[in-house]
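Everything below concerns the one structure shown next.
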Amino acid sequence: MDQAPKEAHHMRFPFLFCILILVSATALAAPVKLPYSIKPYDLSNDDKDVLQRIEAYLSGIQTISSEFIQFAPNGDTSTGKFFLKRPGKLRMEYNPPTPVLMVTSGSDIVYYDRELDQISRIGLDSTLVGFLARDQVKFDDSVTITDMERSHKAIRISLIQSKKPKDGMLTMEFSDDPLIFHNMNVTDSSGQVTTVSLNNARFNLPLPVELFIFKDPHLGGSHVKH
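Shown next as structure tokens:
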């Protein structure tokens, strides 16, 4: 494989994969000033009531089927389809020319680059997306809320992994009245922000189990449990 495809892969990989794994595109070689707070946000009683409402709303969504638009920090725009089925099943399939598929059936997230024929894996439980894919969504001790903004029409909640606060921050955006989840923003430790907007989302529709099974092309397309 020549050098050019490798370089192109290294440029696109962090911004695509960070949506699910929420890790920095570069390792923290030295102490830096993080672009986000790692201190808990001081929640009011009203804030706590809103969080309980969001927990109930997210936990009540058993499936999501949606188109998405992704805006990368370098200005690139990608589109694709996003599927979620609780507990622990996700699929993020990019439209051409982005040759990327990400899928998990419960334990590992599989990242497949069709152009380079390269597969990478990471444990779902070690990511913030694992929080969203739980059977019951709870703002428990595993996550720390670092910011919360509310208006009569919108809610923004930012959170980090309590045990890995430097790995990245997820901001979820909801419209309110009625409550609808529509945006995710990912901030890595260097301040790079990637946004995923859900469009034409449909909730609680039956989804075939095959959507969440990765067929490894190296094994002749056989189903792989992960």
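Under my numbering, the letters of the sequence shown match residues 105 to 330, in that order. Glycine residues also receive a C-beta, built at the ideal position from the N, C-alpha and C atoms.
Tell me, please, which residues DSSP counts as bridged to residue i.
| i | result |
| --- | --- |
| A258 | S279 |
| S170 | F186 |
| Q222 | D217 |
| R157 | Per DSSP, none; premise fails for R157. |
Below 8 angstroms between beta carbons: does that hold for residue i and residue j?
| i | j | result |
| --- | --- | --- |
| Q166 | T298 | no |
| I259 | F278 | yes |
| D251 | L228 | no |
| L205 | A237 | no |
| V300 | F172 | yes |
| T208 | S182 | no |
My output table needs one value for residue i: the three-state DSSP class, helix, strand or coil.
| i | result |
| --- | --- |
| R116 | Since pLDDT at R116 reaches only 45, below the 50 mark, its modelled position is unreliable, and no value is offered. |
| A237 | coil |
| I142 | coil |
| F175 | strand |
| P321 | helix |
| S128 | For S128, the predicted structure reports a pLDDT of 37, less than 50, and the residue's modelled location is therefore unreliable. The matter cannot be settled from this model. |
| N199 | coil |
| E253 | strand |
| N287 | strand |
Roughly how many angstroms lie between the CA atoms of residue i and residue j, to the nearest whole one?
| i | j | result |
| --- | --- | --- |
| K377 | V313 | What the structure shows of the chain is the stretch from 105 to 330, and residue 377 is not part of that stretch, so it cannot be assessed. |
| S255 | M288 | 18 angstroms |
| Y145 | V247 | 12 angstroms |
| L302 | L194 | 14 angstroms |
| E219 | R225 | 17 angstroms |
| M196 | N149 | 36 angstroms |
| S170 | L311 | 12 angstroms |
| D180 | P200 | 13 angstroms |
| P191 | G210 | 7 angstroms |
| F316 | K268 | 27 angstroms |
Out of the options, point me to the one whose CA is closest to residue i's CA.
| i | options | result |
| --- | --- | --- |
| K152 | V290, D244 and K319 | D244 |
| A160 | M276, N178 and Q240 | Q240 |
| N304 | D320, I284 and V233 | I284 |
| P321 | F235, Q265, L315 and D217 | D217 |
| S230 | D221, S163 and G272 | G272 |
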